Amino acid sequence: DAKTTQPDSMESTEGETVHLPCSHATISGNEYIYWYRQVPLQGPEYVTHGLQQNTTNSMAFLAIASDRKSSTLILTHVSLRDAAVYHCILRVDGNTRKLIFGLGTTLQVQP
Amino acid sequence: GGIITQTPKFLIGQEGQKLTLKCQQNFNHDTMYWYRQDSGKGLRLIYYSITENDLQKGDLSEGYDASREKKSSFSLTVTSAQKNEMAVFLCASSIGGVTGQLYFGEGSKLTVL
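Note that the protein sequences, when read in sequence, are chains A and B.
For the first sequence, the working numbering begins at 3 and goes up steadily by one.
For the second sequence, the working numbering begins at 33 and goes up steadily by one.
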């Protein structure tokens with residue numbers, strides 16, 4: 003699985019929209035982009051994933067660059083509950099069964 | 033929805049002791065995983081299993097044994113606890129190799145005195 007690069011930390015205020023960037027310059031054509039988040043004392047929680055097209059669900063919007071070398075997880079109207087470590091991970095579906103987690107981005111949300 | 037249950041939630045051991053962590057899932061998922069999380073480090077894969085009685089080594093398997101006797105359960109044994117060791121062990125499951133959507137338990141925190 004290819005490597006991803008994320009900022010160590012980001013800050014926001016309740017109600018704002020937050021853009022969490024992820025760089026994956028060496029991504030392969032068959033690698034999916036997965037996002038997980040983790041709050042203290044809990045295991046990681048799946049947020050979303052995509053291959054080429056932007057995707058959206060109740061948790062977030064995932065914007066994928068046209069060259070797929072980067073992606074951005076967009077959280078709208080953040081609340082204190084969104085404070086977590088966000089992990090951006092690449093995975094080849096149907097091939098390898100393991101996800102490789104890095105340190106992710108710690109998102110702090112101020113009241 | 034399903035749930036992943038890890039026991040015990042907290043485990044305190046002595047140096048050299050053999051310690052076992054258990055994980056149960058009711059999703060009916062094929063694949064189960066054990067990860068280790070140390071402070072300031074990302075998750076590292078210890079073992080995974082794609083079906084009952086299958087075991088696959090991850091990047092950190094040395095010093096650990098695993099067992100998948102039933103589809104719903106996956107246990108991990110620390111064969112010899114290291115003094116002052118402290119880490120969180122996370123169990124997860126997924127439908128199979130088709131998806132990267134894993135469901136994690138809350139973790140088991142190990143402290144070795």
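Even glycine gets a Cβ: it sits at the ideal position worked out from N, Cα and C.
The structure displayed is predicted, hence computed values, not measured ones.
Taking Ile127 (chain B) and Asp62 (chain B) to be in contact with their CB atoms under 8 Å, please state how far apart those CB atoms are, rounded to whole angstroms.
On the second sequence, position 95 is the one that residue 127 (chain B) refers to. On the second sequence, position 30 is the one that residue 62 (chain B) refers to. Indeed they touch by this definition, with Cβ atoms about 6 Å apart.
Straight-line CA distance for Glu33 (chain A) to Gln46 (chain B)?
One-based indexing of the first sequence puts residue 33 (chain A) at position 31. One-based indexing of the second sequence puts residue 46 (chain B) at position 14. Answer to the nearest angstrom: the Cα atoms are 43 Å apart.
Excluding the five sequence neighbours on either side, which residues of its own chain have a C-beta within less than 6 Å of the C-beta of Val94 (chain A), listed in chain order?
Position 92 of the first sequence, counted from the first residue, corresponds to residue 94 (chain A). Sequence-distant Cβ neighbours of Val94 (chain A) in its own chain, meaning closer than 6 Å and more than five residues away, are Asn32, Glu33.
Kindly indicate if chain A contains any beta-carbon less than 7 Å away from that of Glu138 (chain B).
Taking the first residue of the second sequence as position 1, residue 138 (chain B) is located at position 106. Judged by the 7 Å Cβ criterion, Glu138 (chain B) is in contact with chain A.
Run through DSSP, which three-state label would Asp86 (chain B) get?
The count along the second sequence starts at 1 and reaches residue 86 (chain B) at position 54. Three-state result, Asp86 (chain B): coil.
Between Leu53 (chain B) and chain A, is any beta-carbon pair separated by less than 7 Å?
As a working note, residue 53 (chain B) is residue 21 in the second sequence. In terms of beta-carbon proximity, Leu53 (chain B) stays away from the interface with chain A, with every pair separated by 7 Å or more.
Suppose only complete runs of 3+ residues qualify. What are the beta strand (DSSP E) ranges in the segment 41 to 103 of chain A, listed by chain order?
Taking 3 residues as the minimum length, the beta strand (DSSP E) runs contained wholly in the segment 41 to 103 of chain A are 47 to 52, 63 to 66, 72 to 77, 86 to 94, in order along the chain.
So is Leu75 (chain A) in contact with chain B if we call contact Cβ pairs under 7 Å?
Counting from 1 along the first sequence, the entry for residue 75 (chain A) is found at position 73. For Leu75 (chain A), the answer is no, since every Cβ of chain B falls outside 7 Å of its Cβ.
Quick check on Ser60 (chain A): buried or exposed, where buried means 16 or more other Cβ atoms within 10 Å of its Cβ?
Taking the first sequence and counting its residues from 1, one reaches residue 60 (chain A) at position 58. Label assigned to Ser60 (chain A): exposed.
Neighbourhood of Phe121 (chain B) by C-beta, 6 Å cutoff - its chain only, sequence neighbours within 5 removed
Taking the second sequence and counting its residues from 1, the one referred to as residue 121 (chain B) is at position 89. Sequence-distant partners of Phe121 (chain B) (beyond 5 residues in either direction) whose C-beta falls short of 6 Å from its own C-beta, in its chain, are Leu53, Arg68, Ser140.
Three-way DSSP call (helix, strand, coil) for Ser71 (chain B) in this model
Numbered from 1 along the second sequence, position 39 holds the residue referred to as residue 71 (chain B). In the three-state reduction of the DSSP assignment, Ser71 (chain B) falls in the coil class, being assigned neither a helical nor a strand state.
Contact the segment 68 to 86 of chain A vs the segment 19 to 28 of chain A: 3+ CB pairs below 8 Å:
Yes, the segment 68 to 86 of chain A is in contact with the segment 19 to 28 of chain A.
For Ser105 (chain B) versus Gln38 (chain B), is the C-beta spacing smaller than 7 Å?
Working through the second sequence from its first residue, we reach residue 105 (chain B) at position 73. Working through the second sequence from its first residue, we reach residue 38 (chain B) at position 6. The Cβ atoms of Ser105 (chain B) and Gln38 (chain B) lie no closer than 7 Å to each other.
Is it right to say Leu64 (chain A) is buried, meaning 16 or more other beta carbons lie within 10 angstroms of its own, or is it exposed?
In the first sequence, the residue the question calls residue 64 (chain A) occupies position 62. Answer is buried; the Cβ neighbour count reaches 16.
In chain A, which residues lie less than 7 Å from Leu122 (chain B) when you measure between Cβ atoms?
On the second sequence, residue 122 (chain B) is found 90 positions in, with the first residue counted as 1. Those are Gly45, listed as they occur along chain A.
Separation of Ala124 (chain B) from Val87 (chain A), as counted between CA atoms
As a working mapping, residue 87 (chain A) is identified with position 85 in the first sequence. As a working mapping, residue 124 (chain B) is identified with position 92 in the second sequence. Roughly 18 Å between the two C-alpha positions.
Return yes when the Cβ of Asp84 (chain A) is within less than 7 Å of the Cβ of Val111 (chain A), no when it is not.
As a working note, residue 111 (chain A) is residue 109 in the first sequence. As a working note, residue 84 (chain A) is residue 82 in the first sequence. Contact: yes.
Residues of chain A with CB under 8 Å from Gly48 (chain B), in chain order?
Counting from 1 along the second sequence, the entry for residue 48 (chain B) is found at position 16. Ordered by position in chain A, no residue passes the 8 Å Cβ test against Gly48 (chain B), which lies about 28 Å from the chain.
With H, G and I counted as helix, E and B as strand and the rest as coil, what does DSSP make of Ser11 (chain A)?
Here residue 11 (chain A) is taken as the residue at index 9 of the first sequence, counted from 1. Residue state, collapsed to three classes: strand.
Compute the Euclidean distance between the alpha carbons of Val20 (chain A) and Pro42 (chain A), then round it to the nearest angstrom.
Locating residue 20 (chain A) in the first sequence gives position 18, counting from the first residue. Locating residue 42 (chain A) in the first sequence gives position 40, counting from the first residue. If I take the Cα positions, the gap works out to 20 Å.
Separation of Ile78 (chain B) from Tyr65 (chain B), as counted between CA atoms:
If you number the second sequence from 1, residue 65 (chain B) lands on position 33. If you number the second sequence from 1, residue 78 (chain B) lands on position 46. Distance between the alpha carbons of Tyr65 (chain B) and Ile78 (chain B) is about 8 Å.
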